[in-house]
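Here the structure is laid out as structure tokens; the discussion comes afterwards.
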Amino acid sequence: MAHIGSFKRTSDGYSGRLRTLSLDVELTLVPVDKTNGTTAAAPDYRIHVGTDGNGAEVGAGWHRTSDKAGAYVSVVIDDPAFTQPIRANLFQADAEGLSFHLVWTRPSRHDDRT
228 MAHIGSFKRT SDGYSGRLRT LSLDVELTLV PVDKTNGTTA AAPDYRIHVG
278 TDGNGAEVGA GWHRTSDKAG AYVSVVIDDP AFTQPIRANL FQADAEGLSF
328 HLVWTRPSRH DDRT
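Numbering-wise, our numbering comes out as the position in the sequence shown, counting from 1, plus 227.
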């Protein structure tokens, strides 16, 4: 697992920075208004470049819960320059619930050998 970002809770979402060897970008997770008839599978957040939530949309996030990690946000970040999307999870990093770490794990390779 790699810690690829640090985020803070905002009044209505999350704001922070994604940093890897090839990326250094500010991102904002903006809540999706689900009162307009969206399906249950619709994302809970849209991810935008920048700190104001008005930059280019580059991904989405969904609320998830697990026995081990508790509540977290599963995110997918994509760009035409990427060979494949970044799939990562935003986990709470402090007891107060104000700081969050974006954690990425390399997907396991499926072996087609019999």
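Beta carbons are placed, not taken as given, at the ideal position from N, Cα and C, and that holds for glycine.
At a Cβ-Cβ threshold of 8 Å, residue 300 and residue 288 count as neighbours. Between the alpha carbons of residue 306 and residue 274 lies a distance of about 12 Å.
By the 16-neighbour rule on beta-carbons within 10 angstroms, residue 263 is exposed. Taking C-beta separations shorter than 6 Å and ignoring five residues to either side along the sequence, the partners of residue 328 in its chain run 230, 318 and 320, following chain order. Secondary structure at residue 320: coil, using DSSP grouped into helix, strand and coil.
Apart from sequence neighbours up to five positions away, the residues of its chain that approach residue 234 with a beta-carbon distance below 7 Å are 241, 242, 243, 317, 327 and 329, ordered along the chain. Distances from the CA of residue 309 to each of 286, 237 and 279 were compared; the closest alpha carbon is that of 286.
Per the coordinates, the alpha-carbon of residue 333 lies some 26 Å from the alpha-carbon of residue 324.
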